[in-house]
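Protein chains: 2
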Amino acid sequence: MPSEGGARSATLSDVARRAGVSIATASKALNGRDDVAPATRRRVVEAADELSFTPNAMARGLLAGRTGTVGLLTSDLEGRFMLPILMGAEDAFGAGQVNVFLCDARGDAIREQHHLKALLSRRVDGIIVVGRQTDPRPSLGQEMPVPVVYAYAPSDDPRDLSLTPDNYAGGRMAIEHLIGCGRTRIAHITGDPAYAAAQDRLAGARAALDAAGLELVGEAMFSEWSEHWGRDAAAMLLQRHPDVDAIFCGSDQIARGVLDTARDLGRSVPDDLAVIGYDNWEVLSTNSRPQLTSIDANLQQLGRQAAQRVFDAIDGVDIGEGTHHLPVRLVIRGSTIPRR
Amino acid sequence: MPSEGGARSATLSDVARRAGVSIATASKALNGRDDVAPATRRRVVEAADELSFTPNAMARGLLAGRTGTVGLLTSDLEGRFMLPILMGAEDAFGAGQVNVFLCDARGDAIREQHHLKALLSRRVDGIIVVGRQTDPRPSLGQEMPVPVVYAYAPSDDPRDLSLTPDNYAGGRMAIEHLIGCGRTRIAHITGDPAYAAAQDRLAGARAALDAAGLELVGEAMFSEWSEHWGRDAAAMLLQRHPDVDAIFCGSDQIARGVLDTARDLGRSVPDDLAVIGYDNWEVLSTNSRPQLTSIDANLQQLGRQAAQRVFDAIDGVDIGEGTHHLPVRLVIRGSTIPRR
DNA sequence: CTGTTAGCGCGTTCAG
DNA sequence: CTGAACGCGCTAACAG
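Those protein sequence lines, which keep their order, are chains A and B.
According to the working numbering, the first sequence is numbered sequentially starting from 1026.
According to the working numbering, the second sequence is numbered sequentially starting from 1026.
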């Protein structure tokens, strides 16, 4: 019978009895209140140790009105963007005294409602809602008994607080980098046009091109966020516009495909053709030849900030509202800058 | 002040007062006990609805002695293997009435101890410990007040129950498939030799080769689990042993590198050279040219099973002990079988 | 300094 | 059928 060795956890009254004091005294002794004799405290602490006493957080929470837990409501754990956010949040909370309830709704609204109910019944002190895309998602409503922060996917209600990466700035940043590298004939291969991410990045890219008096070479190419599409699109592009000198890709996966085709067609990267990806998914971006310059959305930081906001809200601080677009950053590697 | 609209959650006594009954009656009405008049029940349910009453799970748990929560203690969320396991477990639990506390120890023993304490103080009904490698990890000990199941990384104490993928069988399966494809000159490129996974897979491979009266071409090549190493190793291998007709790779990343080099050197896959990966990481395995045959460890299922074991243990069922090696499966794609 | 008392929100006896 | 009373484990007021 594995993992059943220990008896049921000791209670405070067990400790008190063993130390020969009252329950209240034991409580004070263990919680570091200063109105208890040193000798008594030692006895109590010893007894607690011997029984490996662990205070019951539920009983404590019942009194305090706070549970020291928050809910992390994700719509789809599978998504690559979920994990860093989740890590950031878990990290920020774990450092304090709060624990995280993880709920995966699997993209199903019913299940989400179910999980939400469960979280509320567990009296979480706050909730972070993490969506899988940057498209706005339905708000949980304004009648929540606890603070809610939306991460990655913003809420569609501006009265909610949402934290989402700044894809527009990312698109701009990518183009500005390419221009800074002396490129002027820039094309764009990206994913599903139904994604706000695709549109926002493109808009940012257009803005940067405009500002430099340039235009995209050909139309922006939309399809899916895959390496295969990157390969096919690049082949089409390079045939129709052999004179492009840079390609801004909507994802690292697409960029990997583009690199592949460039190699097949004998185009040298970055000298002859610069390629920039998006997401900075290191498994892909650091293992390509050459390594991939990319835009990093700082997702872990986003998760951390979401956690911090929830913290603040719990402490009664006004955390504001609206959708905040968090800064992204450029990670430069060999696909845009020749290594010396 | 977003997400603060609702007042504090209603309590059962609020509901009772509004319905004009006693707390006890309200409780019975809401919990479907049959000793309450239909009319009364309706009044109570209505009142509960209007106040959007949600029972306090803590108070309930205090009485029941069970919390309906389990702890998921991971050593490193970043790991690719964590996520499917976590999903499987969350899935299995989410279907029932239990919620999951997620704790990431970041590979730090101190932090793990800290989180463990937190979980126990929250009186989780059970714990799943998920490690990032298949090498045995230190046991949490036999004195746990709740059942513990180890997933992926087995415990080093045979009295614990551990669920881990069968890497030996995976290695065997890979080789048997290659032999089944008519290959006889098989080489092995894998990752860090310090990983049990690398050793176990190799052992399984050797067993399968033995059984067929074959030997590995050259020595097994160890280094890191990266695409770069796959490329470099393949180049060395193909130069030294141009006659190899198949390569068993210790990971899909390595296999991607191998495919890359094969293409550079004009070796056609799978006709001239069959390549098989490991992990079935779909982003990599389905986006290569040709797509990658691989071994899938069924991690999501592993997570689900771990959850099921914890469930059983909570219900008092004896879940056994020892390290169980769960079956893996072969996923055949174009890198070993020519598409017709 | 220590012990007694009173709840936190709920489910469960057991009398009415 | 309904309600009053008790207790889950703990902390915060008070008394002693």
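Think of the CB as a built atom: it goes at the ideal place given N, C-alpha and C, for glycine as much as any other residue.
Bear in mind that the values here come from a model prediction, so they are computed numbers and not experimental data.
Neighbours of Met-1246 of chain B in chain A, taken as residues at a C-beta separation under 9 angstroms, are lacking, since the least C-beta distance is about 18 angstroms. Not flagged as an interface residue toward chain B: Gly-1302 of chain A, since no C-beta distance is shorter than 9 angstroms. What His-1253 of chain A touches in chain B, judged by beta-carbon distance under 8 angstroms, is Asn-1312, going in chain order. Around the Cβ of His-1266 of chain B, a 10 Å sphere holds fewer than 16 other Cβ atoms; the residue is exposed.
Bridge partners of Leu-1284 of chain A according to DSSP: none are assigned.
For Gly-1347 of chain A, DSSP records a beta bridge to A:Leu-1186. Asn-1124 of chain B sits in a strand when the DSSP states are folded into three classes. The beta carbon of Ile-1204 of chain B sits closer than 6 angstroms to those of Ala-1237, all from its chain and outside the five residues before and after it, given in chain order. By the neighbour-count definition (other C-beta atoms within 10 Å, threshold 16), Gly-1093 of chain A is a buried residue.
By the Cβ neighbour-count rule, Pro-1179 of chain B is buried, with 16 or more other Cβ atoms within 10 Å of its own. Residue state for Tyr-1175 of chain B is assigned as strand, using DSSP reduced to three classes. When 8 angstroms is used as the limit between beta carbons, Met-1112 of chain A is near these residues of chain B: Leu-1102, Glu-1103, Asp-1129, in chain order. For Leu-1234 of chain A, the closest C-alpha among the options A:Asp-1039, A:Ala-1212, A:Arg-1091, A:Ala-1176 is that of A:Ala-1212. Taking Lys-1053 of chain B as the centre and dropping the five residues before and after it, the same chain places the C-beta of Val-1061 closer than 6 angstroms to its C-beta, in chain order. Nearest neighbour of Val-1283 of chain A by Cα position, chosen from A:Leu-1102, A:Pro-1170, A:Ser-1251, turns out to be A:Ser-1251. Its Cα nearest to that of Gln-1326 of chain A, the residue A:Pro-1109 stands out among A:Arg-1364, A:Pro-1109, A:Ala-1219. Within the DSSP secondary-structure output, Ser-1319 of chain B pairs in a beta bridge with B:Val-1356.
Secondary structure at Met-1261 of chain A: helix, using DSSP grouped into helix, strand and coil.
Residues of the segment 1054-1083 of chain B with a C-beta less than 8 angstroms from any C-beta of chain A: Ser-1077, Thr-1079, Pro-1080, Asn-1081, Ala-1082, Met-1083, listed in chain order. Not a single C-beta of chain A is nearer than 9 angstroms to the C-beta of Glu-1137 of chain B.
The Cβ of Leu-1097 of chain B sits closer than 9 angstroms to at least one Cβ of chain A. Between Asp-1285 of chain A and chain B, the shortest Cβ-Cβ separation is below 9 angstroms. Secondary structure of Arg-1162 of chain B (DSSP, three-state): strand.
Not a single C-beta of chain A is nearer than 9 angstroms to the C-beta of Gly-1132 of chain B.
Taking the C-beta atoms as reference points, Met-1198 of chain A is found no nearer than 9 angstroms to Ile-1339 of chain A. Put simply, the CB of His-1140 of chain B is near chain A, with a gap under 9 angstroms to one of its CB atoms. When the beta-carbon positions are compared, Gly-1113 of chain B and Leu-1324 of chain B come within less than 9 angstroms of each other. No Cβ-Cβ contact shorter than 9 angstroms links Asn-1124 of chain A with Cys-1274 of chain B. Only exposed fits Arg-1364 of chain B, as fewer than 16 other CB atoms lie within 10 angstroms of its CB. For Gly-1359 of chain A, the CB contacts under 7 angstroms within the same chain, skipping 5 residues up- and downstream, are Pro-1295, Pro-1315, Gln-1316 in chain order. For Gly-1229 of chain B, the enclosing alpha helix (DSSP H) has its first and last residue at 1221-1236. In the same chain as Leu-1239 of chain B, and ignoring 5 residues on each side of it, the C-beta atoms closer than 8 angstroms to its own belong to Ile-1204, Thr-1209, Ile-1211, in chain order.
Residue burial is scored here from C-beta neighbours: Asp-1268 of chain A has fewer than 16 other C-beta atoms within 10 angstroms and is therefore classed as exposed.
Gly-1341 of chain B and Arg-1334 of chain B have their C-alpha atoms some 11 angstroms from each other. When the alpha-carbon of Ile-1362 of chain A is set against those of A:His-1202, A:His-1139, A:Asp-1337, A:Asp-1217, the nearest one is in A:His-1202. One alpha carbon belongs to Leu-1111 of chain B, the other to Thr-1050 of chain B, and they sit about 41 angstroms apart.
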